[in-house]
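A.B. asks:
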Amino acid sequence: MGVNIPAVVPARISAKGWGWQHAGRAGQAVHDLDLEIAPGERVLLLGPSGAGKSTLLHALAGVLGSEEGADEFGSLLIDGVPAAQSRGRAGLMQQDPDSQVVLSRIGDDVAFGAENLSVPREEIWRRVGAALDAVGLQLPLEHSSSALSGGQKQRLGLAGMLAMMPGLLLLDEPTANLDPVGVMEVRDAVRRSLDASGATLVVVEHRVSVWLDVVDRVVVLAPSAAGEPGGVLLDGPPATVLTQAADMLAAAGVWLPGRIPAVRQRIATIKHDVGDRLLLEASDLSVSRKKSGRRHRAEPVAVVPSVRICAGEALSVTGPNGVGKSTLALTLAGLLPAAGGTLEATAALARGAGSSPLKWRGRELISRIGTVFQEPEHQFVAGSVREELLFAPRLLGRGTESVDGLLARLRLEHVGDANPFTLSGGEKRRLSVATVLAASPQVLVLDEPTFGQDANTWAELASLLTELLDAGTAVVSVTHDAAFTHVLGGEQLVLGEEPGQAADSTPSIPAGEVVQR
Amino acid sequence: MATTRSSAWLAGANPLAKLGAGIAITGVLLISVDWVSSTVALVLEIAVLPLAGLGARLLLRRGWPILVAALVGGYGTALLAPKTGEVLLSLGPILFTTGSVGSGIAIALRGLAIALPGIIVLASTDPTDLADALAQKLRLPHRFVLGALAAMRLVGLLVAEWQTLGMARRARGVGGEPGFFRGLKASLGQAMALLVQAIRRASRLAVTMEAKGFGAGERTWARVSSYGPRDAVVVGGGVLIAAASVAAAVVLGTWNPVFA
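First to last, the sequence lines map onto chains A and B. Numbering (the numbering used here) for the first sequence: 776 to 1292. Numbering (the numbering used here) for the second sequence: 2 to 261.
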């Protein structure tokens, strides 16, 4: 390596009859794939769940090779060299922002990849500065990498990749766990860096509209399950492919630009008398994740003057990141102590269990307030999908007849005996909702239920919730998803309009925004 | 565990120099059980605390278990040591004499004087700097050192994860039931869930590290682990504290090597 600053050489991908079978699996994750991607092309990779999109990205990143007992077929080359031997030519970004960060200071973290490629020290620091500029993270090099938002962590990961000067960027649902602001931050950072380096891009994402302006080619993979031919189903410019395959892609759960999936609309009209439908009432509620000590009270992250949760009504908690939306939801759900103010369950909800949800025992809580966490895995307590659904009815000493109905309703019959951790993202989300509904709570609290979900799961979830609302369940959801809020209707609680303040506001979305499929 | 580098004077020294100084002091104190060498070392160590950015309050908050252990050790020794000298207190089987209380105090002081260098080194050392020094200066395998460093970062995340898991499981109806054994069962279940999450996250992190070219042969280091004048001062200071405590004990005739 001389004194010249090396330029990025865009990578060429060539797959010929390539396939991959994970150890211990019956079928191939990718089967008979023929695909040529020219240097500098920007490709959006689509396909139904189970088409092997992630497997392909991992193989290109050279991180599949260490798997023992796996079988590879055909050839997968980057610039004529097998992908497994070209580690460093490609940079990989995964879905979970926390698993993206390796070291505790951002400068060190960006340098990590370049160090591993034996880049000389002076050159590393030059690249670190340039990479952080490119992704728009203007923070001191000593800044703690744990103190970043999700979008910032993904951009930090991108900076680390850029410092390796890879010819190929591989993004595996990079924005699935991010709020709308974070999504745009990451998308723009990727676009800027590509414009500067000319590197090849392969991105996997459900939400097509996010990447539509960035990519110049869309490749749709066919499902590679037993009996399917596998390989590439459609390939071409975005406009052509998205028009040709619109119905197929929509059926596969891909979010197409301008399309909002059809959902069951609410039928019950909102009654204006609150009366005996009131279930939970909070006034001057301040919330915090830190426990108040005897000496000093915890600093509240949010203060809410008044919240009333009524049977059959939706309440959407919205606002920017970090204003305490989730903390408020957890407090309303009886999981976190309030830092101040009052939260009382009415007699209709308490049914003799006392007015403070926080003091309810586990079995008292689940039949009154059900909470669906953002990360489904946090709530799994059993070894199989069926056992998960049986858990609440057994705890409550109820019959278990409703379980089969829930399995069918949420399309989980085919995985009834599977371990919950082995499900796909959408299946995990549906299961986590089903387990909570198995206790038939009067109040349902959901924290970002639509994050990272494909259009099918989104529509099922929204339809299910309108059904529950019409049947008299109260639904509280923390969400950034305006379309979702609109479908549920009801009131919006916008946090963080002024620092530390919160106010009730009426829904601001114009009616008739929901487009039918 | 500090996430950003502290600005204390000692934080700027090479971790290995600090370790060396600490080993010099504790090594000497381990040799002899006497109150003079322990007291001299303890006083000098306390004098060094500001250089590590440790105030009295922070020290108490981090080091109270050691203080308790030293006091308990001292009390036990006073109770069991040979009863020489005058009787100070006699309550049935409990007998304290000047000799036994002296031994007790010596043991307590020695415990504190041996533990304090460790606290000083830990409080003033950034884990990343330590990893750099271990890999670059001691030539420990970088795969092992950097792997451990990345794992330590995950431990910090697990604390928040534990809290979330507790709430997520309560929302499923787990826990919150009266009874010790039910509580224990719920906690064990939560610990298992935490373990599962830790392993899943660690394997994703391993993919990230691998994708960043980690573990493939030689690597360069963006940060240099080097020795400077400050490190000579640190090692010299450690040797000086060790020598002063031995000298004082020998001069005052209390030097009492354990192997003699």
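Every residue gets a Cβ at the ideal spot worked out from N, C-alpha and C, and that includes glycine.
In three-state DSSP terms, what is TRP10 of chain B?
C.D. replies: On the second sequence, residue 10 of chain B is found 9 positions in, with the first residue counted as 1. In this structure, TRP10 of chain B counts as coil in the three-state DSSP scheme.
A.B. asks: Could you tell me which residues DSSP pairs with GLN796 of chain A in its beta bridges?
C.D. replies: Here residue 796 of chain A refers to the residue found at position 21 when the first sequence is read from its first residue. For GLN796 of chain A, which the question treats as bridged, DSSP gives the partners A:ASP846.
A.B. asks: Pull the bridge partners of VAL1007 of chain A from the DSSP assignment, please.
C.D. replies: Here residue 1007 of chain A corresponds to residue number 232 of the first sequence, with the count starting at 1. DSSP output for VAL1007 of chain A lists A:LEU996 as bridge partner(s).
A.B. asks: Please compile the residues from chain B whose C-beta is within a distance smaller than 7 Å of the C-beta of HIS1153 of chain A.
C.D. replies: Indexing the first sequence from 1 puts residue 1153 of chain A at position 378. By Cβ distance, chain B contributes THR165, LEU166, ALA169.
A.B. asks: Let's test the definition: count the other Cβ atoms within 10 Å of the Cβ of GLN870 of chain A and tell me whether it reaches 16, buried, or not, exposed.
C.D. replies: What you label residue 870 of chain A is simply residue 95 of the first sequence in a count that begins at 1. With 16 or more Cβ atoms within 10 Å of its Cβ, GLN870 of chain A is classed as buried.
A.B. asks: First and last residue of the alpha helix (DSSP H) that includes VAL191 of chain B?
C.D. replies: Residue 191 of chain B sits at position 190 when you count from the first residue of the second sequence. In the sequence on display, residue 191 of chain B carries Gln and not Val. Residues 181–212.
A.B. asks: DSSP on VAL1178 of chain A, reduced to helix/strand/coil?
C.D. replies: As a working mapping, residue 1178 of chain A is identified with position 403 in the first sequence. Helix at VAL1178 of chain A.
A.B. asks: What number of angstroms, rounded off, separates the C-alpha of TRP65 of chain B from the C-alpha of VAL73 of chain B?
C.D. replies: Indexing the second sequence from 1 puts residue 65 of chain B at position 64. Indexing the second sequence from 1 puts residue 73 of chain B at position 72. C-alpha separation (whole angstroms): 12 Å.
A.B. asks: Does any residue of chain A bring its CB to less than 8 Å from the CB of ARG58 of chain B?
C.D. replies: For the purposes of this step, residue 58 of chain B is identified with residue 57 of the second sequence, where counting begins at 1. Output row for ARG58 of chain B: interface = no.
A.B. asks: Give me the Cα-Cα distance between TRP36 of chain B and SER226 of chain B, rounded to the nearest whole angstrom.
C.D. replies: The residue labelled residue 36 of chain B in the question sits at position 35 within the second sequence. The residue labelled residue 226 of chain B in the question sits at position 225 within the second sequence. Cα to Cα, the separation comes out at about 38 Å.
A.B. asks: Does the beta-carbon of LYS928 of chain A have 16 or more other beta-carbons within 10 angstroms, so that it is buried, or is it exposed?
C.D. replies: The residue given as residue 928 of chain A occupies position 153 in the first sequence. Buried, because 16 or more other Cβ atoms sit within 10 Å of the Cβ of LYS928 of chain A.
A.B. asks: For SER1130 of chain A, does the three-state DSSP call read helix, strand or coil?
C.D. replies: Sequence index remark: in the first sequence, residue 1130 of chain A carries index 355 (1-based). DSSP places SER1130 of chain A in coil when its eight states are reduced to three.
A.B. asks: Determine the direct distance from the alpha carbon of HIS833 of chain A to that of GLU1162 of chain A, and round the result to whole angstroms.
C.D. replies: As a first step, residue 1162 of chain A must be located in the first sequence, where it is residue number 387. As a first step, residue 833 of chain A must be located in the first sequence, where it is residue number 58. Cα-Cα distance, rounded: 33 Å.
A.B. asks: Exposed or buried, which one is MET193 of chain B when buried takes at least 16 other CB atoms within 10 Å?
C.D. replies: Counted from its first residue, the second sequence places residue 193 of chain B at position 192. Classification for MET193 of chain B: exposed.
A.B. asks: Chain B beta carbons: is any one of them nearer than 8 Å to that of GLU890 of chain A?
C.D. replies: For the purposes of this step, residue 890 of chain A is taken as residue 115 along the first sequence, with counting starting at 1. Judged by the 8 Å Cβ criterion, GLU890 of chain A is in contact with chain B.
A.B. asks: Over the uninterrupted alpha helix (DSSP H) stretch that includes THR1225 of chain A, give me the two end residues.
C.D. replies: Here the question's residue 1225 of chain A lines up with position 450 in the first sequence. First-last for THR1225 of chain A: undefined, no H or E at that position.
A.B. asks: For SER1238 of chain A, which residues of its own chain have a beta-carbon under 7 Å away from its beta-carbon, when the five flanking residues on both sides are left out?
C.D. replies: On the first sequence, residue 1238 of chain A is found 463 positions in, with the first residue counted as 1. Cβ neighbours of SER1238 of chain A beyond the five flanking positions: VAL1038, ARG1039.
A.B. asks: Below 8 Å between beta carbons is the criterion; list the residues of the segment 847–880 of chain A that meet it against any residue of chain B, in chain order.
C.D. replies: Of all residues in the segment 847–880 of chain A, ARG862, GLY863, ALA865, GLY866, LEU867, GLN869, ASP871, ASP873, SER874, GLN875, VAL876, VAL877, LEU878, SER879, ARG880 have a Cβ within less than 8 Å of some Cβ in chain B.
A.B. asks: What residue range is occupied by the uninterrupted beta strand (DSSP E) comprising GLY1145 of chain A?
C.D. replies: On the first sequence, residue 1145 of chain A is found 370 positions in, with the first residue counted as 1. Residues 1144–1147.
A.B. asks: Identify every residue that forms a DSSP beta bridge with ALA1077 of chain A.
C.D. replies: Translated into positions along the first sequence, residue 1077 of chain A becomes position 302. Looking at the DSSP assignment, ALA1077 of chain A forms a beta bridge with A:VAL1062.
A.B. asks: Are the C-beta atoms of GLN198 of chain B and some chain A residue less than 8 Å apart?
C.D. replies: Here residue 198 of chain B refers to the residue found at position 197 when the second sequence is read from its first residue. With 8 Å as the cut-off, GLN198 of chain B counts as an interface residue toward chain A.
A.B. asks: Classify ARG220 of chain B as buried or exposed, calling it buried when 16 or more other Cβ atoms lie within 10 Å of its own Cβ.
C.D. replies: Here the question's residue 220 of chain B lines up with position 219 in the second sequence. Counting Cβ neighbours within 10 Å, ARG220 of chain B comes out buried, since at least 16 surround it.
A.B. asks: Closer than 7 Å by beta-carbon distance: list the chain B residues that pair up with ALA1146 of chain A, in chain order.
C.D. replies: Within the first sequence, numbered from 1, the residue matching residue 1146 of chain A stands at position 371. Per the sequence presented here, residue 1146 of chain A reads as Thr, with Ala not at that position. ALA172, listed in chain order.
A.B. asks: The segment 203–222 of chain B: which residues have C-beta closer than 7 Å to a C-beta of chain A, in chain order?
C.D. replies: If the cut-off is 7 Å between Cβ atoms, the segment 203–222 of chain B has ARG205, LEU206, VAL208, THR209, MET210, GLU211, ALA212, LYS213, GLY214, PHE215, ALA217, GLU219, ARG220, THR221, TRP222 near chain A.
A.B. asks: Using a beta-carbon distance below 8 Å, is GLY190 of chain B in contact with chain A?
C.D. replies: Here residue 190 of chain B refers to the residue found at position 189 of the second sequence. Yes, contact with chain A.
A.B. asks: Are there 16 or more other CB atoms within 10 angstroms of the CB of PHE1293 of chain A, so buried, or fewer, so exposed?
C.D. replies: This structure does not reach residue 1293 of chain A, given that chain A is present from 776 up to 1292, and the question cannot be answered.
A.B. asks: Strictly below 8 Å CB to CB, what residues from chain B border TRP900 of chain A?
C.D. replies: The residue given as residue 900 of chain A occupies position 125 in the first sequence. By Cβ distance, chain B contributes ALA223.
A.B. asks: Tell me whether GLN803 of chain A sits in a helix, a strand or coil according to DSSP, three-state version.
C.D. replies: To locate residue 803 of chain A, count along the first sequence from 1; it is residue 28. Of the three classes helix, strand and coil, the one that applies to GLN803 of chain A here is coil, per DSSP.
A.B. asks: Listing by chain order, which chain A residues have their CB less than 8 Å from the CB of ALA151 of chain B?
C.D. replies: On the second sequence, residue 151 of chain B is found 150 positions in, with the first residue counted as 1. Result: VAL877, LEU878.
A.B. asks: If distances are taken between C-alpha atoms only, which option among A:LEU1024, A:ARG1052, A:TRP795, A:LYS1203 comes closest to GLU842 of chain A?
C.D. replies: Along the first sequence, read from residue 1 onward, the residue named residue 842 of chain A stands at position 67. GLU842 of chain A has its Cα closest to that of A:TRP795, out of A:LEU1024, A:ARG1052, A:TRP795, A:LYS1203.
A.B. asks: Do ILE95 of chain B and LEU110 of chain B have their C-beta atoms within less than 8 Å of each other?
C.D. replies: Here the question's residue 95 of chain B lines up with position 94 in the second sequence. Here the question's residue 110 of chain B lines up with position 109 in the second sequence. The answer is no: Cβ separation not under 8 Å.
A.B. asks: If you drop the 5 nearest sequence neighbours on each side, which residues of the same chain put their C-beta closer than 8 Å to that of LEU155 of chain B?
C.D. replies: On the second sequence, position 154 is the one that residue 155 of chain B refers to. Around LEU155 of chain B: ALA199, ARG202, ALA203, LEU206.
A.B. asks: What residue does the beta strand (DSSP E) around ASP947 of chain A start on, and which one ends it?
C.D. replies: To locate residue 947 of chain A, count along the first sequence from 1; it is residue 172. That run of the beta strand (DSSP E) goes 943–947.
A.B. asks: Between the segment 964–998 of chain A and chain B, which residues of the former have a C-beta closer than 9 Å to a C-beta of the latter?
C.D. replies: Listed by position, the residues of the segment 964–998 of chain A near chain B (Cβ gap below 9 Å) amount to none.
A.B. asks: Span of the beta strand (DSSP E) holding PHE97 of chain B?
C.D. replies: By one-based count along the second sequence, residue 97 of chain B stands at place 96. Counting along the chain, the beta strand (DSSP E) containing PHE97 of chain B begins and ends at 95–98.
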